[in-house]
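One structure is given here, and the rest of the page talks about it.
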Amino acid sequence: MSKKTIEFKTESKKLLDLMINSIYTNKEIFLRELISNASDAIDKYHFSSLTDKDLKKRNDYEIFLEVDKKNRKFRITDNGIGMTYDELVENIGTIAKSGSIEFLKNMKEKDLKKTDLIGQFGVGFYSAFMVSDKVEVITKSAYSDQAYKWTSTGEEGFTIEDTDKEKVGTEIILTIRKNDDDENYDEFLEDYKITQLVKKYSNYVRYPITMEKEKEVPKLDDEGNEIEDETKTIVEKETLNQMTPIWEKNKSEVKEEELNEFYKSQYYDYTDPFMSIWTNVEGKLTYKSIVFIPSKAPQNLYSEKYEKGLQLYTKGVFVMDKCKELVPDYLRFIRGLVVSPDLNLNISREILQKNRQLVNIQKNLEKKIIKRLEKLLKNERDEYIKFWKEFGVNLKYGVYDNFGLKKDLLKDLLLFETVNEDSYVTLEEYVEKMPKGQKEIYYGSANSKTAIKGSPQMDRLKSKGYDVLVLTDEIDEFMINILTEFKKHKFKSINQGDLDLVDDKEKETIKTLETENKDLLAKIKESLNGQVDEVKLSTRLTDSPVCLVSGEGMSFEMEKVMEQLPGDKSKSAKAQKILEINPQHELFQAINQLYKDNSTDLDDYASVLYNQALLIEGLKIEDPVDFSNKMVKILVKAANKGDSSE
Ligand code: ADP
Numbered sequence: 002m003s004k005k006t007i008e009f010k011t012e013s014k015k016l017l018d019l020m021i022n023s024i025y026t027n028k029e030i031f032l033r034e035l036i037s038n039a040s041d042a043i044d045k046y047h048f049s050s051l052t053d054k055d056l057k058k059r060n061d062y063e064i065f066l067e068v069d070k071k072n073r074k075f076r077i078t079d080n081g082i083g084m085t086y087d088e089l090v091e092n093i094g095t096i097a098k099s100g101s102i103e104f105l106k107n108m109k110e111k112d113l114k115k116t117d118l119i120g121q122f123g124v125g126f127y128s129a130f131m132v133s134d135k136v137e138v139i140t141k142s143a144y145s146d147q148a149y150k151w152t153s154t155g156e157e158g159f160t161i162e163d164t165d166k167e168k169v170g171t172e173i174i175l176t177i178r179k180n181d182d183d184e185n186y187d188e189f190l191e192d193y194k195i196t197q198l199v200k201k202y203s204n205y206v207r208y209p210i211t212m213e214k215e216k217e218v219p220k221l222d223d224e225g226n227e228i229e230d231e232t233k234t235i236v237e238k239e240t241l242n243q244m245t246p247i248w249e250k251n252k253s254e255v256k257e258e259e260l261n262e263f264y265k266s267q268y269y270d271y272t273d274p275f276m277s278i279w280t281n282v283e284g285k286l287t288y289k290s291i292v293f294i295p296s297k298a299p300q301n302l303y304s305e306k307y308e309k310g311l312q313l314y315t316k317g318v319f320v321m322d323k324c325k326e327l328v329p330d331y332l333r334f335i336r337g338l339v340v341s342p343d344l345n346l347n348i349s350r351e352i353l354q355k356n357r358q359l360v361n362i363q364k365n366l367e368k369k370i371i372k373r374l375e376k377l378l379k380n381e382r383d384e385y386i387k388f389w390k391e392f393g394v395n396l397k398y399g400v401y402d403n404f405g406l407k408k409d410l411l412k413d414l415l416l417f418e419t420v421n422e423d424s425y426v427t428l429e430e431y432v433e434k435m436p437k438g439q440k441e442i443y444y445g446s447a448n449s450k451t452a453i454k455g456s457p458q459m460d461r462l463k464s465k466g467y468d469v470l471v472l473t474d475e476i477d478e479f480m481i482n483i484l485t486e487f488k489k490h491k492f493k494s495i496n497q498g499d500l501d502l503v504d505d506k507e508k509e510t511i512k513t514l515e516t517e518n519k520d521l522l523a524k525i526k527e528s529l530n531g532q533v534d535e536v537k538l539s540t541r542l543t544d545s546p547v548c549l550v551s552g553e554g555m556s557f558e559m560e561k562v563m564e565q566l567p568g569d570k571s572k573s574a575k576a577q578k579i580l581e582i583n584p585q586h587e588l589f590q591a592i593n594q595l596y597k598d599n600s601t602d603l604d605d606y607a608s609v610l611y612n613q614a615l616l617i618e619g620l621k622i623e624d625p626v627d628f629s630n631k632m633v634k635i636l637v638k639a640a641n642k643g644d645s646s647e
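Below, the structure written as structure tokens:
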């Protein structure tokens, strides 16, 4: 094949431009990125060789680093799987990973932390350009006889040509930049610096990272004795990384910084973990594990592409990267590893799924994690709130999932904002603070606390001093429906059904009023022409003129969520709409008067009232122009009336 020049795709170009012009100040991480690619490639070879008879079984895996100071070359060689021509073009020529462009836009808008860039979207390889004028990739795939050379200076594109390479694997050759005013690149050609970087970032890479180092050793005489003051230079291969698994150590032996670096390099995070949970279980079930809760939820945590799971090792051998059987769905954000000597190395994935051992480890781990979170909530409230803000929604999902299977395990970990409190409360705390006479736990759904605070439905609750849980996440009401009660107190929506807050005498009054105004209420309903299921006098309003509530069962918030789900909307369940009017309010008197006068304005009033109630509920008005016209009509009339009465 002759030499072929290929242009970078637009998004790759932009990303490269950012790399080269170094938005990322921590240039040294390029080495970690390249080493981790090499390690991944060796993993791939290893796993393929377990099942593919055509691949030679090997035990000489290695990542070899080499420096040629004079020519400013830094070479990273691995004996991993290598790349075919197509893979080379596809993997190294494009940053096809979805999201990178949105990410770039986002970064400009929000000035996101620079550290979030690398890794999140698989731009690892490109970080080589932060320190290099030129990058060459020489690679031979385990599935191809031909080797290829990819070359780029990072500007417009790259070239690919045939080349000779004896062994399967990949060689990355960087031509290190010259020092400039801002930056010292020379150090990346120094043995000591490279050693330091490997220890810092890649200490636990499973394969030896080696380098030939020149060493001064004493000269020996013919009899093998050292000659004083005379030395000679020899070249010796040294393994730079420690490889001793961190889980073989005691927790107390591992310094925080070491643990953080381990976490970051193993799990591709750029911030220190929020918390680590160490487990060492011996007996019928034997396993060790280190589980991390990240500080920040990964950007793709809620996308379908996200893969949950823990790394699985057995007898010091790496089995798989994301063993999902170890992690319940609602803890999908955790990262870490499990080491169990009892697992058979050759088990296939299907057998693994049914493995009792794994199921037991999962249950055991889950309990540990929940215990730790309970402890955190009890002893370090502020820290727990940090956790809650980042991952609380997952726990809510855990309550809801599987028809509430885990609700008893999780209910004490839930936090809520409330109308009366400035900070979060647990259900326990809410119940403890309930005033005498309050039987139920009230909650309201809206986009924000302010919306609930100001909603007309709050009127009577406020006057009684009852607090209300503020639900703002989509999952909230579904979760509450599954919980149904806490310590024998039922949950009650302030936007739904009868609130039952008035005493018998008041009830009697309303009933009488309702009978008296039966025709008026029917007239309003008729005038709204099927837009509401019922019009009634309210027992929950004291200050506001109207509100819209839903019947028992489906709520407005749930309806909104359901509407976002794919499928036939016409078939999806709708919330029952009940328009409640406050009989105490002046406006009611006014309408009553219109009705008595047989005024044609009543229709306009009914429509405006209904639309107002919709607005307060955060629901869409069907015909905003009509609403506005009617408002104007009423306002003008009112103003004229005001004039004439002067
Ligand atoms: P990521 O590693 O996040 O996928 P990179 O840009 O670092 O992103 O690498 C892109 C792809 O190029 C890798 O997924 C892999 O398929 C391939 N690749 C990179 N380095 C090597 C290597 N040393 N050996 C084999 N394939 C590699």
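Going by my numbering, the sequence shown opens with residue 2, and the numbers climb by one from there.
Note that CB positions come from ideal geometry on N, CA and C, so glycine has one too.
For residue i, is the classification buried or exposed, using 16 other Cβ atoms within 10 angstroms of its Cβ as the cut-off for buried?
i, result
"S629", "exposed"
"D605", "buried"
"D544", "exposed"
"K407", "buried"
"L705", "Any question about residue 705 goes unanswered here, given that the chain covers just 2 to 647."
"E137", "buried"
"N612", "buried"
"D409", "exposed"
"N403", "exposed"
"N496", "buried"
"D504", "exposed"
"P329", "buried"
"I228", "exposed"
"E587", "exposed"
"Y303", "exposed"
Would you kindly work out how many angstroms separate the C-alpha atoms of residue i and residue j, rounded to a whole number?
i, j, result
"S539", "A640", "29 Å"
"T232", "V199", "29 Å"
"D182", "Y193", "23 Å"
"K28", "D134", "14 Å"
"K4", "T152", "10 Å"
"T272", "I291", "17 Å"
"E475", "E558", "8 Å"
"L416", "D477", "11 Å"
"Y596", "S608", "14 Å"
"E623", "A576", "16 Å"
"K512", "P584", "11 Å"
"L286", "L327", "14 Å"
"M2", "I235", "41 Å"
"I82", "K306", "24 Å"
"K115", "V132", "Low confidence applies to K115: its pLDDT is 45, below 50, so where it sits in the model is not reliable enough to give any reading."
"Y467", "P436", "7 Å"
"V340", "D230", "50 Å"
"K15", "D460", "55 Å"
"L514", "E507", "11 Å"
Quick one: residues in its chain with C-beta nearer than 8 Å to the C-beta of residue i, no 5 flanking neighbours on either side, listed in chain order?
i, result
"F392", "I294, A298 and F334"
"N242", "V199, K200, S203, N204, Y205, V206, P209 and I210"
"F388", "F275, M276, I294, L374 and L377"
"G125", "E34, L35, S37, N38 and I119"
"A143", "Y46, S49, L56, I82, G83 and V169"
"N599", "none"
If I measure Cβ to Cβ from residue i and keep anything under 7 Å in the same chain, skipping five residues before and after, which residues do I get?
i, result
"M480", "K397, V400 and Y401"
"L620", "F557"
"E239", "T211, M212 and K214"
Assuming residue i contacts residue j under a Cβ cut-off of 8 Å, what Cβ separation, rounded to an integer in Å, is found between them?
i, j, result
"E38", "G170", "Sequence inspection shows Asn at residue 38; the Glu mentioned does not correspond to that position. Not a contact, Cβ separation roughly 12 Å."
"Q458", "V550", "7 Å"
"E553", "K491", "In fact, because the Cβ distance is near 12 Å, the residues do not count as touching under 8 Å."
"D469", "L462", "Looking at the sequence shown, residue 469 is not Asp but Val. Between L462 and V469 the Cβ distance is about 6 Å, and since that is below 8 Å, they are a contact."
"Y443", "K493", "5 Å"
"V633", "L580", "With a Cβ gap of about 22 Å, V633 and L580 do not count as contacting."
"R76", "I174", "5 Å"
Spatial neighbours of residue i within its chain, please: C-beta separation below 6 Å, excluding the five flanking residues on both sides.
i, result
"V547", "I582, L610 and A614"
"Y268", "R336"
"N361", "L286"
"Q312", "D322 and L338"
"L555", "Residue 555 is actually Met in this sequence, not Leu. Correct list, in chain order: A574 and A576."
State yes or no: is the beta carbon of residue i nearer than 8 Å to at least one beta carbon in chain C?
i, result
"L610", "Chain labels in this structure do not include chain C; a single protein chain is all it has."
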